[in-house]
Every structure is written in structure tokens, then in C-alpha cells.
Amino acid sequence: MAASLSKHLRLRLRGGGEHCLLPSRASTSHTSSPAPPPPSRPPAAAEPPPPPGAGKEASAWSKLFLFAPGAITFGLGTWQLFRRQEKIEMLDYRTRRLEMDPMAWNEVASSTALRDPAALEFRKIVCEGDFDEEKSVFVGPRSRSISGVTENGYYVITPLIPRSTESGSLQSPILVNRGWVPRGWRDKNVKDLQILDEASESPEAVKKPDEKGSWWKFWSNRPKSSPEIEKPRIPPVRVIGVIRGSEKPSVFVPANEPSSGQWFYVDVPMIARACGLPENTVYIEDINEDVSPTNPYPVPKDVNTLIRHSVMPEDHLKYTFTWYTLSAAVTYMASKRIKAKKPKMSAIMLCTCSGGQSKFEDLPRSPESLATRDFSENCSSSKIASRETTPDDSQVNEVESDLKETLSLNYEEARALLGRLEHQRGNFDAALQVLQGIDIRSLRPRMTSAIAESIKPRTPPRSSRRKSSQGNGMLVHMSMHSVSLLLEAILLKAKSLDTLGRVADAAEECRTIIDIIESAWPYDVPDGTAEDCKLIDIFHSALEYLPKLWMRSGCFDEAVIAYRRALAKPWNLDSQRSAKLQKDLAVTLLYCGVEVTFPQEFAQERSLVTPGNNLEEAILLLLMLTRKLSLREIQWDPDLVNHLMYALSLSGHYEVLASHLEMLLPGTYTRSERWYILALCYSAAGMDDSALNIIRNGFSVLERKGKPHVPSLLLGAKLCCKNPKHASEGIKFANKAMKSFRSHDLHFISTAKHFLGVCYGPFSRSSTSHLEKSRLEDNALRLLQDAATTAKYNPEIMYSLAWENAMQRKLNAAVESATECLEMVMGGSVSGWKLLILVLSAQQNLQEAEAVADFAMDEAEKNDQLDILRLKAQIQASRGQFKSAVESFRVLLATIQVKKEVWKSTTCNEVKCLQKLEMDSWLDLASIYSKLEAWHDSNICLDKAISIDFFHPKCWHVRGLLLEAQFLHKEALMAFSFALSIDPDYVPAMVCMAGILRNIGGNSLSIARTYLRNALRLEPTHHRAWLILGLVLKAEGSLQEAADCFKAAYELRELSPIQDFSEQLPIMLH
């Protein structure tokens, strides 16, 4: 029996030439012929025997060599302690030097300083002179973090030359590192200097208008040139800096190239030669903190950065701990390695035959492939015989029984073991060559049968069931170890193919594993299967690996099918693994760009409602994962919320995202971030009041703690900009945010000024004092102009500036700003076109406004043409072209009716916008029919509008106008009263009710005057309110006040647009 075991073990591991690599399939019986003898070795010269004790001496030296890494790492740790002490002394020296008072450069510019500038290094000096901008050198690139955003730029080094006319000027030129500038400042600064020089030298600066203006600039006016201004005297530049030396570049920094202007590090002598100065020129770094907000660049260096070093003393302590820890670890491993016993060959053989994890890596390795190595039978016998112990009798019986039962699988098992070994050693070509010899197709039925029968109870012992085959060729029983070994071989084959670039073939091999196990277990993993079973681990690895292979091969539809197949059945996946598959499937559905239909048979089996498209399925998966996050079933993953935000932004269901964010447990986000994200969700869903309430609550809590959240403040200011009633609150938010910014945070400063200027406009119109109102209006325009100057080419600021100018009836400035806004966005803003059309209509250029509306409809997208078409219809009605206006409204309403058919696929905000547009169109059409005295058609249109929104004040206002036109004053008064009961601040209803009360006369005049005063307080540019107020004052005998009211009404009537400017938001949304 021992001889038979030795023979079978040799057959498993032997590897010769191409004729004896593995036993052939024909040699599977017990009476196989013996293997041919190995080729004879050529005779070699007799070698002298080694001296006695040489092996032991070499072994002792090799053992001592194991402790060398521990000694080296211990020395490195000690060296870090010395380096730490040196760094402390160096930083103390720099700190003491920088704490000294600045010295005047003219007093210390002696021969000693010029001979040895290093003696004065890190001393502060003060000097005056003029910068020679033409000789500036830009050293970089150098990165700088601004409010968490990293931006690349350069250090600008400019010679500071003496000014002969100034007594306090320095005597010899020096080099000054003025600080950091952004990348775009490098070329722009040179151009600006050239322009300023030409402007200062020319007798008059004449700015010619652009003759190639855009197609919508035919109405814009250009300012005339200003007269010549005498050039003022420029004071000398005062520099406070620190004397420094040249930088020591690392080996990775390229060399400077003065000829091409490329400077990568500071080399003072080389820069001095490039600037035409002596090589011993002193070099200082500017540390002046007085930076002008209007000219923030260059940004001087901070004094604290001069004290700091790339490696601080506390870093040396960390390095010391690391080296000492590593020294202890390698010393411990060396001691354990010396005491460790060598593994026994018999145990390795038993582990190999039983399908366990063999220790092939402990054997001596060779650069040759095991698949082509020539093993000598004598050598193998000698290695086996050299082992001290042999397995016990029970293990030998078990191995021999397995070999006799499954003798026909020895060929495949041997190849699987060799393939695993080659894959572990990185020989993927050899591993693939070995594993391709396994015929999985013929073995697949036996493997499926073995997996299916693995959970059944075993009745007879293995010794009594040698073979279960019969004479008709039934299958031979296969052990689960053999099945696991073969499945692992398929998985390793797939990984080898993947490494060699054959990704599609690797996916097919990986799919074979899933097909085999799924055919054995068609529903799920049966009960009683061990969770730590090797078969289950291989199966789970294949489930995760297959979709990744399809993704890498570009077959996104196959990847989605593989993900769905892995998640369709309960395969005993742990929560983290299942969550990862769900997340990967959701990400693939969101970003792959391929629509993969959900399988209907899967839904029919479980009576489920299937997702309509990839987006719905992705949202469903992400919501499930968010639910697991809230229950702490899986670990926190911030990418889940980001993907869910993106998916819901595509679908428009932001309130769903907000509800799931509220379910997250405290600690997932900080309180400020949680409130900010919730406010963003509610704002995107159109629930601005809810978003503003969240911002208020968060602001009050964080203000008490003294930790304001700047993004929340800016969001609160933006929300207040949309509603004039919250203007004062928006001013508070914007001012609070302004205090949190530094002088160089230009982007945030311009954003805060933008919101502040927008809020000042409505706030000024609510003021009762005329002087206060004028002051606030001027502040609004000034802030918006400052924001536009700071943030150049910002269309949103230009739109707000145009809107504020229009509200103040500065129409020429409004046209100019609206034109610049459209130029910046290349005519792609519907809000900008609408504002421009309204401003032109306020200038009574109706024909030009209609032409712009036609052009805007050609430039705008199909979904954005409806608002412009309504404006065009209103322009036609104002010009008396009622038939054309009715036709335009007919086209508009027909388009809206078509869009109703697809409302199921649109977002909630889009539905609300369409409904409001449809209601306004019916009301406008009703007003046109009332002018034509077509009362029946007018009432039909009005009923259509009321059916859309019964409780909208505009509907009842139009009904009151119709009744008033038919001289039904009592019914009209009731309609206007109902409109005011819905919205007490609805100005048109106030004005119309005051008009009816004026007609009634008597005691009703005082009530009418009260309504009109309140209306003008809310909307001071309402010309009809001024007209009726003048009539009321005239009836009361106040003729002078009545005349002023009539004058204001006339002036405002000449500047009134076809649609009130207040209906447009002061900030540009699209």
C-alpha cells in the first residue's frame, strides 16, 4: 500500500519533457506500464568533497545575515532622532531672526553684506524703489490652495531698481520675489503694462467701438471717449522682505532654461544674469501683508511659511517610531525563521492530493517553468525518502481510497494543481497552457451531479463504495475537493486570460463557473452548506469578477445582465458584498449609456412591477442602499449619496432624495453639511420656503456656536433673492458671508456682492423715505457693478445688473447689460432674451422687440420657446394685431397640449411651469377677447384658466376686469375682493378695486386712497395706480398732489413694458 501511494503521488507531481509532462488519459488503469527511465546524464569530472563544517559555517553566516535588516532599520530610527534635534535648532534660529525689527537696506548695504549675503539670511529689511516689470521672471509652476481649491501659478521675481529722484531709494538693484500669481496672470500682466504705457504716452485715449458686433447689438450705445487726463506722480514701491538664498532643487526638478524663459526653481546668480544684474545681487522675498483688494496679485508669502519646513520635528518622531517598529518586526521574524521547522514532504503531498492549499512556495524556486522542468525519478525518490516522518495509516487509507475511486480524474487534478502553482509564480502563459488541457465540457455533468448531491446525507462509508459506475457507463462519483479544485482552475484560467489581454475569453470562462453551480442549485444555495466552503468562495468571486470583465471588454449590456444574475437569487452573499454589487450595477446603469431592458420573466415569476428604464432601476438600487446605510447594515459610503443625487437630478425627484437624507442617522454628515444638502434638495424641488426654513434653523444654531457655514449663507442669500419679501433677510445672510472671506477670495466676494446687490433692490422699493430709497438703489447698482468688475465674464451678474436697471427704469443701461449677458452665453439664455424683449417694449420699440423675439425663438431650444412665444403674442396684441396674437396663442396652447401627453416622463417642476404658462396664456387670450368685446369667448378662456388653478389671484383679477368692462361693478368688486383674500399683496387687484371705489365716490374715496397708497408702497412703478390716485386726490381737492401723480403716471406709462419686470426673477436660472 505504501508503494502504491508513493507511485500515485509521484504521478501527480512529476514533470518531464513534452512526452512525460503529465500522464496520458490511456494510462488510467492500475496496470499501467512503468514510466520510461530518465535520460542519462553525461559524465562529469569528479568534484572534491567539501571541507567538513563548511555547510554549518555558511548556515551560521546566513542566520546572522537575517538580523541585518533589523540593525539597519534601528540605525535609521536613531538617525531620525539626530535629524529632529538639528531641525529644532534650525527652526529656532529662523524664528529668532524673523522676530527682529526690520532694517533699512541702505544702512546695511555694506561690503560685508555684499560679500556674504548668507550672513543676513532670514533678516527683515525695508527698501524703496521701482519695479522693472519688463525683466520679471516667473518661477513655477507652484500650487496654492484657496478655500480648499488648489490652483497652479507662479512666483514672480522682479528687479527693484533705484529711483534717483528719491532720497530714501535703495542704492543698488536687488531681486524681489513679489509672491504668487495665477497661471493666466503671466501673459495678461505683460499685455496690460503695454496698454497702460501706450495710454499714458498718447495725448488722448480714444476707444473705438467694435465694428464687428454681434447680431443683437444694433440697439446698444457706446460711451464716448474721455478727455485727456494729466498723468499723476507715482510714489516709489515700498518693500518689506526677508533675505533668502537660492533653492536646492531635488533630483526630480528639471534644470532652468533661461533662453526659453522656463524657471523651475530659484537660482539667484542665474536669475541675476538673466536680468542683467551682477551675480552677487541680493535676493529677498516680499512679506508685506497690505494687499489691495482691487489688485490682489501677486500674493506675498506668509511669514509662517518661512518658519515651516517640509519635514517638521514631529514628522521625524513619526519616522523614528516607524523605523523602530520595523526593526522590532524584522528582528522578531528573523528569530522565528531560525527556530521554524521545515515542512514535511508527506504533509505537502497529502494536502495536494486532498485539494487543500499546498505550500508550494516553500519549495526551492527556479526561473524555469514547472510545466517544462525535468524531474528525475531518482531525485524525486530521494526527496521523499529524506523526510523523517510519514502520514499515519488513516490518512494513507483515505488518500489511497480517493486515488482508486477517482483515478480517471488524476490527469485533470494534476493539471489544476500545476496551473495554480504557475499562476502563483506569475507564469501566466505557462498556467494558461496547463489549464487549457482540462476538458471541462466532458467533466461538467459529473461536477454538477457532485455539487447537487453534496448536501445529501452520506449513507455508506467511502471504503464500501469504491465505484458507483455500472456497466452501462454511469458517471463516477466526484468528491467536493475535486470539484472545488477544478472550479478554481477555471477561475485561474479566466484571470490568466485577463492578464494576457483576452478579456472576452476570460468572461466566458468565468461564466462557465456560474453556469455549473446554477445548474446544480437552480434556486439558491441549499440549507446546510457551510458558509466558509471553498466552493462558495469561488462562486462568489466569479459573481463579482464576471461583470467587471464584461465592463472592461466594452460589453455593457452583458455586464448589466451579469450584475442582475448575481442579485436575482439569494446566493448567501454577505451584506457588504451584496451592497457592492448593487452599487456597481446602479453606477453601470447610470453612466454606461446603454439601455438594457429589465427581464420580464423575472418579474412575472415574483409578480413584481419592473422598472421602466435604467434610471428607475438605478434609483431603486440606490434607495435600497441608502436604507441600509440608515439602518447601519453596511458601512458608510459617500459615493452612494452622490450617485443618488445625480440620478434624482436627472429624474427631478429631489424631494425623494431629501426624505432619504433625513433618514440617515446622526454622525453620517455633520449638522451643517446635512442642513445644507437638505436645503439644496428642497430648493431644486421648487420648495424654496422649506429650504429657507432649514437655512434659518441651521444659521441660528451655528451662529450661537460661532461657526458659520459659508455655503449655507450663500444659498440662503440666493433663496432670498427669488422673493422680494425676504430681501432684508438676504442682506443679513450676504453680509455675514462677506465677513467670513479674506481679501483674496475674489470669487466668493463677487458672489456675495451679487446677492447683496440683488437684495438691496427690492429692499429699497419697500422704503417709505424717498432719500433712503435713492440711497439703497444706488447701493444696489454699485454692489452689482463691483461684483461684475471682480468676476469678469459672469453672465449671471450682468443679468441681475440689467434687471435692477430695468426696475429703476434706466433702460439704456439695462439694454447694454442684457446685451453683454447674451454675448457671454452666446445667446443661450432664455431669461436674458425675455428681459431684453421686455426692456425694448418698455422703450416702446415694439417692432424691434418682436424681431428680437423671432430671433430668440430660432436660437432657443424647443422646450424654451414657449415663454418667448407668449411674449411675442403680447407684443402683437399691444400693437393692435389681435388676429396674429390669437394665432400665436393658438400655437402656444396646442404645443402645451402636446406636452401634456408626455407629462408622465417630466419632472414635477416642469409640470408646474407648464401649468402656469397654460393658465397665463388662457388669461392673456381672455383679455384680448374682452378688448374685442367677445364676452362669450372671453369667459370660456377664463374658465379654462380657473380650472387649472382655482385659487390664483390673477384668475379672479381678470374675471373682475371682464365684469367691470360689462359695467357689472358690484360683481367686479366681489371678484377683486376674492383675489385679495387669496393674496393680500396682489397689487393689480388693489388698483382695480380702488378704481371702482373712486367711481362710487363719497366715503369710498378715502378707502380707495388707502388701497392706492399700499399698492404704490409695494410697487412704486405701477402707472395706473398713480393715475387713479391723481383722480382721487383731484376729487378730494388736492390739485397740486394730483398734478404730481398725473405727471408720474405719464412718465411711467411711457416706460411701462408689456409685462411687468417684477414677473422676472432677478437672478438668471437658465
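This note's numbering puts the first residue of the sequence shown at 209, with every later residue one more than the last.
Ideal Cβ placement from N, Cα and C applies to all residues, glycine included.
- Annotated as proximal: A624 and I646, with beta-carbon spacing under 8 Å.
- Inclusion of K1124 and D1075 in the CB contact set at 8 Å is not warranted, their separation being larger than that value.
- If you check the CB distance, M1276 and E1028 do not come in under 8 Å.
- With a cutoff of 8 Å on beta-carbon distance, V1038 and A1022 are scored as not near each other.
- A distance below 8 Å between beta-carbons, with the five flanking residues on each side excluded, links Y1137 to the following residues of its chain, in chain order: W1143, D1145, S1146 and C1149.
- Taken through DSSP and simplified to helix, strand or coil, S351 comes out as strand.
- Shown here, G449 sits in a strand according to DSSP, grouped into three states.
- Annotation: D338 is outside any alpha helix (DSSP H); the continuous beta strand (DSSP E) that includes it extends over K332 to F339.
- Beta bridge pairing from DSSP links W388 with Y363 and V507.
- Within a 10 Å sphere around the beta-carbon of K1091 sit fewer than 16 other beta-carbons, which makes this residue exposed.
- The beta carbon of M311 is closer than 6 Å to those of I333 in its chain, skipping five residues each way along the sequence.
- Going by DSSP, D494 is part of no alpha helix (DSSP H) but of the beta strand (DSSP E) stretching over Y491 to D494.
- In the three-state reduction of the DSSP assignment, M1276 falls in the coil class, being assigned neither a helical nor a strand state.
- Judged by DSSP in its simplified three-state form, L694 adopts helix.
- Here P919 has Y884 as same chain residues with Cβ atoms under 6 Å from its own Cβ, once five neighbours each way along the sequence are excluded.
- Ranking G914, G1035, Q1051 and A960 by CA distance to the CA of M1065 puts G1035 first.
- Rounded to whole angstroms, the gap between the alpha carbons of I769 and W758 is 10 Å.
- Setting aside the 5 residues that flank it on each side, D1072 is surrounded in the same chain by V1038, each with a C-beta closer than 6 Å to its C-beta; the list follows chain order.
- When DSSP states are grouped into helix, strand and coil, F956 belongs to the helix group.
- Taking each of N1207, K926 and S1264 in turn and checking the Cα distance to L1237, the smallest one comes out for N1207.
- By the neighbour-count criterion, in which 16 or more other beta carbons inside 10 Å mark a residue as buried, N850 falls on the exposed side.
- DSSP places R1017 outside any alpha helix (DSSP H), giving it a letter other than H or E.
- Beta-bridge annotation (DSSP): E465 is paired with Q470.
- For G1238, the enclosing alpha helix (DSSP H) stretches over residues H1231 to E1244.
- The DSSP-derived three-state label of V345 is strand.
- For R304, the enclosing alpha helix (DSSP H) covers residues A276 to L306.
- By the neighbour-count criterion, in which 16 or more other beta carbons inside 10 Å mark a residue as buried, W1011 falls on the buried side.
- Residues L823 of the same chain have their beta carbon placed closer than 7 Å to that of L858, with the five preceding and five following residues left out of the count.
- Bridge pairing for L368: F339 and I382 [DSSP].
- With 16 or more other Cβ atoms inside 10 Å of its own Cβ, H1230 counts as buried.
- When Cβ pairs closer than 8 Å are counted between the two stretches, the region 456 to 476 is seen not to touch the region 519 to 531, the count staying below three.
- Nearest C-alpha to R772 among L793, K788 and D782: L793.
- Of all alpha-carbon atoms in S974, P970 and G278, the one lying nearest the alpha-carbon of N1222 is that of S974.
- N822: member of the alpha helix (DSSP H) spanning N822 to S838, first to last residue.
- For Y890, the enclosing alpha helix (DSSP H) has its first and last residue at R879 to A892.
- Per DSSP, A750 has no beta bridge partner at all.
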